[in-house]
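2 protein chains.
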Amino acid sequence: MQRIAYFGPAGTFTEAALVQMEAAGTVRDTVERIPAASPPAALDLVRNGQAEMACVPIESSVEGPVVPTLDALARGERLQIIAETELVIAFTVAARPGTSLEDVRTIAAYPVAAAQVSSWLSENLGHARIVPAASNAAAADDVAANRADAAVSTHLAARQRSLQILADEVADVEGARTSFVLVTKPGPPPPRTGRDRTSIVLGLPNEPGALAKAMNEFALRGIDLSRIQSRPTRTAMGTYRFYLDCIGHIEDSAVGEALKALRRGGGEVRFLGSWPTVVSGGCPPPDDTAVSAWLERLRRGDRTL
Amino acid sequence: MQRIAYFGPAGTFTEAALVQMEAAGTVRDTVERIPAASPPAALDLVRNGQAEMACVPIESSVEGPVVPTLDALARGERLQIIAETELVIAFTVAARPGTSLEDVRTIAAYPVAAAQVSSWLSENLGHARIVPAASNAAAADDVAANRADAAVSTHLAARQRSLQILADEVADVEGARTSFVLVTKPGPPPPRTGRDRTSIVLGLPNEPGALAKAMNEFALRGIDLSRIQSRPTRTAMGTYRFYLDCIGHIEDSAVGEALKALRRGGGEVRFLGSWPTVVSGGCPPPDDTAVSAWLERLRRGDRTL
């Protein structure tokens, strides 16, 4: 039995991401899911041993990086990302069984969600009044408790509360996606697959050229960066923190050498993990194992070369 | 009379930021404020001529960059940032006149705001039930319309609705700040002040080294970067967009030369403006006017050197 914390309450997109990872076999054991009030709170449950893992959102195609998640990974006891999954963000409109769209007079919705389905609502439920809800999951609770006729919620939350689904995959703009990661205490990363991603937090002095020098350590070794984001630390004036993701695994010699060079250069380097990516884009770094072997053979005086 | 669009409705933190810029003399003329439903919608009002300027949030110390604002600046007709201001994000608890804290049974709050003041609420209004509101401003409307006893809102929204302020500067974590920018159609940037910031959007092919090369153009010229953020464009596979802010003004020769070099290098460079910054951190780029003059004199054969 594995206890996995997630950004709750029950029925959030984060729980749906965790369900997807369980279905994909990413988590092997039976799972007890523990809701937490925020992504940082979910990570703290891993740090204090109340959960073995945490599932948290890390990047949205619309809103960008989930900065509270990244900040919580950058601070406190180090944790490691071991897997990721991506969800298409679309909503489910649900009601108590026996309700039809025409019956709906009030619709509970988390304001952020309401904004993402407002065209759909005015076309299909123009006669209904929106009742703000505290979260996507709470909107489903409001319907179950008879405080609204229908809810803009998630498919999972609707099913959990035995609501009837009136419409599925509702979104004004198609293709919004969010990626979620599974996080544990530090340990050996999952084996290299050839389609991996490595994430680090880099602390650098706020000097012209410090970042360019760090970037060069990746460029020199042919490593592709897939994310870079600066954060003023505000604790130490003039110090910046960078969240960097690169294509490749810490077991790839190019990636390993780049991390060593960053560390040697005096930057603060926090390793956040290497894991098989599901997000497309970028090429794996050139594997110089063969080249290293060639050099080794030259050094050993191999006459066959 | 200047028509200025802002991320509304009336009483949002964005309107408070605009009021602050008016008070500081950043906007000289009398102002007609036009609420828009989102930051991108406010920018579109400038593009289609319904407003001369727009005031939009661009970065939060807690949530990071406001990606929908940055994305809307990166796409469509080019716009330019001409000023910025920073607000401390703290809430106001307000009620209808004659209400005291003890009378409050229900409190309207935007769920995101409720999360930011939950400790304060449980200490000071532990007996009250939270009623979700559609926005900070809508929470004040709910109180004015007698749908809740008190609201977690902004100082401005409470004053606009003639509510009585029960508590001001309410925040569980002190020091949260958001910066807002004033945006217009392209034109000559405000004059160089020596404490300026320049913002660009850089389109680069997803090749190892492309970003490092671009960073070097700044590093070589001693220019400090104050923000860097990658965004997958998703339209063209393997193409990335970077939001870069640097310390300095486009009139600074170092900044001008760096932009020229980026343009020469084949990257897509969109200039988002140079403006006097209010946010601390970073040093202005070395002014090489003197050095350029020295070189010019050598070239002219000046014998006094």
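Chains as they are written, first to last, in the working numbering: chain A, 53 to 357; chain B, 53 to 357. Ideal Cβ placement from N, Cα and C applies to all residues, glycine included.
Fill in: B:L215 (DSSP reduced to helix, strand or coil)
For the purposes of this step, residue 215 of chain B is taken as residue 163 along the second sequence, with counting starting at 1. DSSP places B:L215 in coil when its eight states are reduced to three.
### Message
As a quick exercise: from A:V83, A:C107, A:E84, A:D81, pick the residue whose alpha carbon is nearest that of A:A93.
### Response
Residue mapping note: residue 93 of chain A aligns to position 41 of the first sequence, counting from 1. Looking at the Cα atoms, A:C107 is the closest of the given residues.
message: Contact defined as beta carbons within less than 8 angstroms: I believe A:S326 pairs with A:P241. What is the distance between those atoms, to the nearest angstrom?
response: The count along the first sequence starts at 1 and reaches residue 326 of chain A at position 274. The count along the first sequence starts at 1 and reaches residue 241 of chain A at position 189. Indeed they touch by this definition, with Cβ atoms about 4 angstroms apart.
Would you call B:L350 buried or exposed, if buried means 16 or more other Cβ atoms sit within 10 Å of its Cβ?
Within the second sequence, numbered from 1, the residue matching residue 350 of chain B stands at position 298. Its Cβ having fewer than 16 others within 10 Å, B:L350 is exposed.
For a contact defined as C-beta to C-beta under 8 angstroms, what are the partners of B:R279 on chain A? Residue mapping note: residue 279 of chain B aligns to position 227 of the second sequence, counting from 1. Contacts between B:R279 and chain A, judged by CB atoms closer than 8 angstroms, involve S282 in chain order.
Just to confirm my understanding: we take B:F270, look at its own chain, exclude 5 residues before and 5 after, and list those with CB closer than 7 angstroms. What are they? As a first step, residue 270 of chain B is located in the second sequence; it is residue number 218 there, counting from the start. If we look at B:F270 and ignore the five residues flanking it on each side, its Cβ neighbours are L277, C298, A310.
Checklist entry - In this structure, what does DSSP give as the bridge partners for B:R283? => result As a first step, residue 283 of chain B must be located in the second sequence, where it is residue number 231. Answer is B:R293, bridged to B:R283.
| query | What are the boundary residues of the alpha helix (DSSP H) that B:P61 is part of? | reply | As a working mapping, residue 61 of chain B is identified with position 9 in the second sequence. First-last for B:P61: undefined, no H or E at that position.
Simplified DSSP assignment, three categories, for B:G334:
For the purposes of this step, residue 334 of chain B is taken as the residue at position 282 of the second sequence. Low local confidence applies: a pLDDT of 49 at B:G334 is under 50, so the model's placement there is unreliable, with the coordinate-based value given in what follows. Residue state for B:G334 is assigned as coil, using DSSP reduced to three classes.
* A:G101: which of A:H179, A:R213, A:K237 sits nearest, CA to CA? -> On the first sequence, residue 101 of chain A is found 49 positions in, with the first residue counted as 1. Among A:H179, A:R213, A:K237, the Cα nearest to that of A:G101 is on A:K237.
Taking the alpha helix (DSSP H) that A:S305 falls in, what are its first and last residues? Position 253 of the first sequence, counting from 1, holds the residue named residue 305 of chain A. Here the alpha helix (DSSP H) through A:S305 covers 305-316.
*Note down the Cα distance separating B:T291 from B:G318, rounded to an integer number of angstroms.*
For this step, residue 291 of chain B is matched to residue 239 along the second sequence. For this step, residue 318 of chain B is matched to residue 266 along the second sequence. Distance between the alpha carbons of B:T291 and B:G318 is about 14 angstroms.
With distances taken Cα to Cα, identify the nearest neighbour of A:I86 among A:S214, A:F232, A:E67, A:Q132. The residue you call residue 86 of chain A lines up with position 34 of the first sequence. With distances taken between Cα atoms, A:I86 lies closest to A:E67.
- Query: Whose CA, out of A:I56, A:A264, A:E221, lies closest to the CA of A:V83?
  - Reply: Translated into the one-based positions of the first sequence, residue 83 of chain A becomes position 31. Ranking A:I56, A:A264, A:E221 by Cα distance to A:V83 puts A:I56 first.
Could you give the DSSP three-state label for A:S113: helix, strand or coil? Taking the first sequence and counting its residues from 1, one reaches residue 113 of chain A at position 61. If DSSP states are grouped into helix, strand and coil, A:S113 belongs with coil.
State yes or no: is the C-beta of A:A203 within less than 9 angstroms of the C-beta of A:A160? Locating residue 203 of chain A in the first sequence gives position 151, where the first residue counts as 1. Locating residue 160 of chain A in the first sequence gives position 108, where the first residue counts as 1. Yes, the pair counts as a contact, with Cβ atoms nearer than the cut-off.
**Report entry** Three-way DSSP call (helix, strand, coil) for A:M53 in this model
**Finding:** For the purposes of this step, residue 53 of chain A is identified with residue 1 of the first sequence, where counting begins at 1. Reduced to three states, the DSSP call for A:M53 is coil.
Mind checking if B:G319 is an interface residue toward chain A, Cβ cutoff 9 angstroms exclusive?
Against the second sequence, residue 319 of chain B aligns to sequence position 267. No, no contact with chain A.
- prompt: Exposed or buried, what is B:I275 when buried is set at 16 or more other beta-carbons lying within 10 Å of its beta-carbon?
  reply: As a first step, residue 275 of chain B is located in the second sequence; it is residue number 223 there, counting from the start. Answer is buried; the Cβ neighbour count reaches 16.
query: Does any residue of chain A bring its CB to less than 9 angstroms from the CB of B:G333?
result: Position 281 of the second sequence, counted from the first residue, corresponds to residue 333 of chain B. With a pLDDT of 49 at B:G333, under the threshold of 50, the modelled position of this residue cannot be trusted; read the value that follows with caution. So, interface residue.
Q. Starting from B:L272 and walking both ways along the beta strand (DSSP E), at which residues does that stretch end?
A. As a working note, residue 272 of chain B is residue 220 in the second sequence. Element bounds for B:L272: n/a, residue is neither H nor E.
Checklist entry - Do you know how far the Cα of A:E138 is from the Cα of A:V330? => result Taking the first residue of the first sequence as 1, we reach residue 330 of chain A at position 278. Taking the first residue of the first sequence as 1, we reach residue 138 of chain A at position 86. Answer to the nearest angstrom: the Cα atoms are 7 angstroms apart.
Kindly indicate if chain A contains any beta-carbon less than 9 angstroms away from that of B:I275.
The residue given as residue 275 of chain B occupies position 223 in the second sequence. Closer than 9 angstroms to some Cβ of chain A, the Cβ of B:I275 qualifies, so yes.
Exercise. Since A:L153 is in the alpha helix (DSSP H), which residue starts that stretch and which ends it?
Worked result: The residue you call residue 153 of chain A lines up with position 101 of the first sequence. That residue, A:L153, is in no alpha helix (DSSP H); it is neither H nor E in DSSP.
Does any residue of chain E bring its CB to less than 9 angstroms from the CB of B:N268?
Protein chains in the displayed structure are A and B, and chain E is not among them.
What residue ranges within the region 209-254 of chain A form continuous beta strand (DSSP E) runs of no fewer than 3 residues, ordered along the chain? 216-222, 229-236
- Same chain only: Cβ atoms within 7 angstroms of B:A165, ignoring 5 sequence neighbours per side: Mapped onto the second sequence, residue 165 of chain B falls at position 113. The residues are F143, N188, V204.
- prompt: Which residues, taken in chain order from the region 115-133 of chain A, show a beta carbon closer than 9 angstroms to some beta carbon of chain B?
  reply: Answer in chain order: E115, G116, P117, V118, V119, P120, L122, D123.
Could you spell out the range, first to last residue, of the beta strand (DSSP E) harbouring B:V83? Taking the second sequence and counting its residues from 1, the one referred to as residue 83 of chain B is at position 31. Boundaries of the beta strand (DSSP E) around B:V83: 83-88.
* Three-state class that DSSP yields for A:S187 in the structure shown -> Start at 1 with the first residue of the first sequence, and residue 187 of chain A comes out as number 135. In the structure shown, A:S187 sits in coil (DSSP, three-state: anything other than H, G, I, E or B).
Please name the residue, chosen from A:R352, A:L357, A:R322, that lies closest to A:R130 on a Cα-to-Cα basis. Translated into positions along the first sequence, residue 130 of chain A becomes position 78. Looking at the Cα atoms, A:R322 is the closest of the given residues.
Within chain B, the residues that A:S187 reaches when beta carbons sit closer than 8 angstroms = For the purposes of this step, residue 187 of chain A is identified with residue 135 of the first sequence, where counting begins at 1. P163, listed in chain order.
### Query
Along chain B, in chain order, which residues have C-beta atoms closer than 7 angstroms to that of A:G261?
In the first sequence, residue 261 of chain A corresponds to position 209, counting from 1. Ordered by position in chain B, the residues that pass the 7 angstroms Cβ test against A:G261 are A271.
- Of all the options B:Q281, B:L272, B:F294, which has the alpha carbon lying nearest to the alpha carbon of B:S305? The residue you call residue 305 of chain B lines up with position 253 of the second sequence. Nearest C-alpha to B:S305 among B:Q281, B:L272, B:F294: B:L272.
Going by the DSSP bridge assignment, what does B:I299 pair with across the sheet? Taking the second sequence and counting its residues from 1, the one referred to as residue 299 of chain B is at position 247. Answer is B:R249.
>> Quick check: is the beta carbon of A:L311 nearer than 9 angstroms to any beta carbon in chain B?
In response: Taking the first sequence and counting its residues from 1, one reaches residue 311 of chain A at position 259. It does not; no Cβ of chain B falls within 9 angstroms.
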